[in-house]
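Each residue of the sequence shown is one higher than the one before, starting from 103 at the first, in our numbering.
C-beta: ideal position from N, C-alpha, C; glycine also.
I have placed the structure first, in the form of structure tokens, so that the comments after it can refer back to it.
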Amino acid sequence: MGDIRIRIYDSDIVEKSNLPHQNFTISDVGALKVISLCNRLWSNTDKSFTDGPNIILDPSPWDIRVKSDLDECDLVVVAVDSHQARKVVHENCESWLDLRCLGDGYIAIDNTVDTSIVSQLTPNQESQSCQFEGAIESGNIQFGYMSAAAHGAQWVIQSLRIISGEDNAQRPLPQISNITFGTAARLEQGITDSNNEALDSSVSPHIHSQLEIDKMVKSGNHDSIVIKETLAAFAEKKDWISLWSLANELGREVSILYDQELTMWVDIGTSGRVELSPPIGSLTPYKLWIHTHPRDAYWSSTDKDTIAIYSEILDEAIVLGHDHFKRTIKSDDQHFDFLEDFGPLSRWTDEIICEYSMSEVSECQ
103 MGDIRIRIYD
113 SDIVEKSNLP
123 HQNFTISDVG
133 ALKVISLCNR
143 LWSNTDKSFT
153 DGPNIILDPS
163 PWDIRVKSDL
173 DECDLVVVAV
183 DSHQARKVVH
193 ENCESWLDLR
203 CLGDGYIAID
213 NTVDTSIVSQ
223 LTPNQESQSC
233 QFEGAIESGN
243 IQFGYMSAAA
253 HGAQWVIQSL
263 RIISGEDNAQ
273 RPLPQISNIT
283 FGTAARLEQG
293 ITDSNNEALD
303 SSVSPHIHSQ
313 LEIDKMVKSG
323 NHDSIVIKET
333 LAAFAEKKDW
343 ISLWSLANEL
353 GREVSILYDQ
363 ELTMWVDIGT
373 SGRVELSPPI
383 GSLTPYKLWI
393 HTHPRDAYWS
403 STDKDTIAIY
413 SEILDEAIVL
423 GHDHFKRTIK
433 SDDQHFDFLE
443 DFGPLSRWTD
453 EIICEYSMSE
463 VSECQ
């Protein structure tokens with residue numbers, strides 16, 4: 103392999119607000135990020151090491167908006183929240199990785215992902231920070247960006263090994279991941295993986311007899327297929343009171359997820375928490391996430407964080423209480439009230455509480 107040229111594109115200047123969670127120091131404030139970064143990388147390089155390719159660092163202090171902004175290259179890693187940069191890379195580059203992160207979660211998309219999914223995950227939206235709003239001021243800094251960086255570093259090294267002809271090189275799979283809950287889902291690739299069938303844990307809706315249900319509840323076998331299929335059937339029928347009541351009998355919060363093909367996935371949580379945990383084998387984007395609360399339906403801080411993290415791959419969410427529910431959908435219609443004024447939740451509607459007497463969710467819009 104010959105020399106390796108690393109070209110870094112960014113027009114941003116280092117600000118004080120970057121220091122708590124980015125690799126800059128106070129002396130870098132006011133300088134171009136690409137210059138500061140290249141200077142630091144070069145100063146930390148062992149110049150006595152001569153066995154191997156030369157590394158050439160090339161700071162490029164401009165943003166990628168059109169094809170001509172991007173020089174010819176073998177590999178591209180998008181690590182900036184810009185839909186313009188993403189689309190230029192997706193449409194014009196052969197081998198690329200697109201990283202997005204928020205809070206303690208990240209999404210890694212590469213050129214092997216099905217093109218329809220890439221398009222769905224690349225909306226025209228404003229740039230945002232990798233931290234939740236107020237995270238720096240409150241000290242709630244999260245580290246999903248470090249997981250994204252580790253994925254990116256692994257992807258680059260393995261890609262270079264592939265270019266150099268090494269047979270056992272393997273790039274990390276495109277995925278949705280979260281530090282707290284681990285790998286949430288693998289993104290569907292253009293070439294179908296035959297092993298996915300073995301990982302399929304989806305649920306077919308079916309209401310079992312009350313005798314079977316009672317047996318599972320009393321025995322503590324809350325993760326049984328009897329419980330999961332019955333919960334899925336209640337969700338399919340929009341029988342919210344029965345769904346919530348069964349979750350209440352279990353003493354657990356439960357989650358039902360509909361994927362792109364309306365396949366259903368059921369998770370049984372704890373008495374006070376259940377997460378959106380997209381399993382391996384599910385297809386994004388997700389159409390609907392339903393989950394229960396012990397009594398009242400509201401958007402908790404955990405719920406909001408979850409919706410924000412999965413905002414690009416989720417269309418709708420419902421939370422169920424003891425006799426009512428709340429719903430939110432992703433919308434660009436400015437006639438709605440939204441969960442937040444800024445950030446990813448500024449696209450999610452803040453709707454009124456609806457009673458279970460409403461026969462359809464749509465009646466409560």
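Between the beta-carbon of residue 260 and the beta-carbon of residue 244, is there less than 8 Å?
The count along the sequence shown starts at 1 and reaches residue 260 at position 158. The count along the sequence shown starts at 1 and reaches residue 244 at position 142. It is not a contact, given that the beta carbons lie outside the stated cut-off.
C-alpha distance - residue 189 paired with residue 320, whole-angstrom precision:
Within the sequence shown, numbered from 1, the residue matching residue 189 stands at position 87. Within the sequence shown, numbered from 1, the residue matching residue 320 stands at position 218. Straight-line Cα distance between these residues: approximately 54 Å.
Exercise. Can you check DSSP and say which residues form a bridge with residue 432?
Key: The residue given as residue 432 occupies position 330 in the sequence shown. DSSP output for residue 432 lists 450 as bridge partner(s).
- Pairing CB atoms from the segment 309–325 with CB atoms from the segment 409–416, are three or more of them under 8 Å? no
Could you say if the segment 155–175 and the segment 234–241 meet the contact criterion of at least three C-beta pairs nearer than 8 Å? no
Legend entry - the segment 330–343 in contact with the segment 307–314 per 3-pair CB rule at 8 Å: yes
Secondary structure of residue 441, DSSP reduced to three states:
The residue labelled residue 441 in the question sits at position 339 within the sequence shown. Residue state, collapsed to three classes: coil.
- [ ] Determine contact between the segment 354–364 and the segment 191–204, defined as no fewer than three beta-carbon pairs at a distance below 8 Å.
- [x] no
Handout entry: Beta-carbon proximity check, residue 437 vs residue 397, cutoff 8 Å
Key = Reading the sequence shown from its first residue, position 335 is the one you call residue 437. Reading the sequence shown from its first residue, position 295 is the one you call residue 397. Going by C-beta atoms, residue 437 is not nearer than 8 Å to residue 397.
*Less than 8 Å separating the beta-carbons of residue 179 and residue 201?*
In the sequence shown, counting from the first residue as 1, residue 179 sits at position 77. In the sequence shown, counting from the first residue as 1, residue 201 sits at position 99. Yes, the Cβ-Cβ distance between residue 179 and residue 201 is below 8 Å.
Find the nearest neighbour of residue 156 within the set 322, 106 and 250, judged by alpha-carbon distance. Here the question's residue 156 lines up with position 54 in the sequence shown. Ranking the options by Cα distance to residue 156, first place goes to 106.
Q) beta strand (DSSP E) containing residue 308: first to last residue? A) Counting from 1 along the sequence shown, the entry for residue 308 is found at position 206. Unbroken run through residue 308: none, as it is neither H nor E.
Give the single residue among 325, 323 and 329 whose Cα lies nearest to the Cα of residue 312. Reading the sequence shown from its first residue, position 210 is the one you call residue 312. Ranking 325, 323 and 329 by Cα distance to residue 312 puts 329 first.
Where does the unbroken alpha helix (DSSP H) through residue 351 begin, and where does it stop? Taking the sequence shown and counting its residues from 1, the one referred to as residue 351 is at position 249. Per DSSP, residue 351 belongs to the alpha helix (DSSP H) from 342–352.
Q.
I want to check one thing, is the minimum distance from the CB of residue 370 to the heavy atoms of the ligand ADP below 7 Å?
A. With respect to the ligand ADP, the structure offers nothing, as it holds no ligand at all.
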